[in-house]
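Participant:
In my numbering, the protein residues as written are 418 to 701.
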């Protein structure tokens, strides 16, 4: 197979998979190689903060293709990540030290959770993005334990709801005036806050986290106003950032994502972007 006909897809989540399916549906019979940073085949992420956190929810329900992936005729490189892009020679260098030539390149690397820079590497502190993250968190969410969620966006509030349903004591800390402020606005966010409070979730808004307590396992946090909140498990859900730092120096325009137009076309020839990593102007 000629390299010019090879499509390399960097990223093994929904955007990458749907692009692969579209290529096959539109008649592309050339080689497709998918670079997936995780060890699992593409799966559905939204349930990770909801149904999956229930102890009896089965992992095979996450698959994005119920009939399997074989018919796509794709070479899946699981557990590999892109380290750099050399557009001059049309190669992607991978974490295993190899270089992969491409005729066309789709970047769909998604996003990564933001972290608190002062957070120590304590046991029991979680972020949630991958299936591995969700497995680890689910193991820690034992009935009767105390969960502290830092950040009241959609992920944080979904985790809080799931944990409360499992019988945990749940506290949410949010630096903004109310929960889900950016997504729903102050009035509707306040309504959601009241509904969570009705179900026994403790919510502290307009205050940040100053420090983590405990060693080697987290035991709680100190807030900016000096209050101490005990916790056995902490989930940090303060947003995400596009996973594109590996492409610095490649010639791509990077600014809180890979800049592209509405079709995903980037500044480099035969390189397109899709999903959370892509950023384009939306007149709406």
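Heads up, the beta-carbon is just placed ideally off N, CA and C, and yes, glycines get one too.
Please name the residue, chosen from 438, 449, 444, that lies closest to residue 425 on a Cα-to-Cα basis.
Facilitator: Per the Cα distances, 449.
Participant: On the DSSP bridge assignment, give the partners of residue 734 in chain order.
Facilitator: Summary: the structure shown does not reach residue 734, with the chain confined to residues 418 through 701, and so no result is reported for it.
Participant: Below 8 angstroms between beta carbons: does that hold for residue 433 and residue 454?
Facilitator: Cβ distance not < 8 angstroms, so residue 433 and residue 454 don't count as in contact.
Participant: Short of 7 angstroms in beta carbon distance, which residues of its chain neighbour residue 678, apart from the five on each side in sequence? Order them along the chain.
Facilitator: Same-chain partners within the cutoff: 697.
Participant: Rounded to whole angstroms, what is the Cα-Cα separation between residue 431 and residue 663?
Facilitator: In a straight line, the C-alpha of residue 431 is about 20 angstroms away from that of residue 663.
Participant: Quick one: using the 10 Å Cβ neighbour count with 16 as the cut-off for buried, is residue 629 buried or exposed?
Facilitator: It is buried - the Cβ of residue 629 has at least 16 other Cβ atoms within 10 Å.
Participant: Please list, in chain order, all residues of the same chain as residue 550 whose beta carbon is under 7 angstroms from its beta carbon, the five residues on each side excluded.
Facilitator: If we look at residue 550 and ignore the five residues flanking it on each side, its Cβ neighbours are 543, 544.
Participant: In angstroms with no decimal places, state the Cα-to-Cα distance between residue 654 and residue 563.
Facilitator: Cα-Cα distance, rounded: 16 angstroms.
Participant: Looking at the structure shown, is residue 558 part of a helix, part of a strand, or coil, going by DSSP?
Facilitator: In the structure shown, residue 558 sits in coil (DSSP, three-state: anything other than H, G, I, E or B).
Participant: Tell me, to the nearest whole angstrom, how far the beta carbon of residue 683 is from that of residue 690; I am working on the premise that it is less than 8 angstroms.
Facilitator: That pair is a contact at about 6 angstroms.
Participant: Quick check: the Cα distance between residue 499 and residue 427, rounded to an integer number of angstroms?
Facilitator: Those two C-alpha atoms are separated by around 7 angstroms.
Participant: I believe residue 652 touches residue 539 by the beta-carbon criterion, under 8 angstroms. Please report the beta-carbon distance rounded to the nearest angstrom.
Facilitator: Incorrect: roughly 13 angstroms between the Cβ atoms, too far for contact.
Participant: I want to check one thing, is the minimum distance from the CB of residue 631 to the heavy atoms of the ligand ADP below 7 angstroms?
Facilitator: The ligand content of the structure shown is nil, which means the ligand ADP is not present either.
Participant: DSSP state of residue 624, grouped into three classes?
Facilitator: Note: residue 624 maps to coil in three-state DSSP.
Participant: Check whether the Cβ atoms of residue 581 and residue 560 lie closer than 8 angstroms to each other.
Facilitator: For residue 581 and residue 560, no; Cβs fall outside 8 angstroms.
Participant: Residue 571 by DSSP, collapsed to three states: which one?
Facilitator: Reduced to three states, the DSSP call for residue 571 is helix.
Participant: Residue 521 bridges to which residues according to DSSP?
Facilitator: Note: residue 521 sits in a beta bridge opposite 424.
Participant: Under 6 angstroms Cβ to Cβ from residue 474, same chain only, skipping five residues before and after it: list those, please.
Facilitator: Cβ neighbours of residue 474 beyond the five flanking positions: 468.
Participant: In or out: residue 618 buried (at least 16 other Cβ within 10 Å) or exposed?
Facilitator: Buried.
Participant: Closest to residue 523 by C-alpha separation, out of 439, 623, 460, would be which residue?
Facilitator: The shortest Cα separation from residue 523 among 439, 623, 460 belongs to 439.
Participant: If I follow the unbroken beta strand (DSSP E) through residue 693, where does it start and stop?
Facilitator: Where residue 693 is concerned, there is no enclosing beta strand (DSSP E), given that its DSSP letter is neither H nor E.
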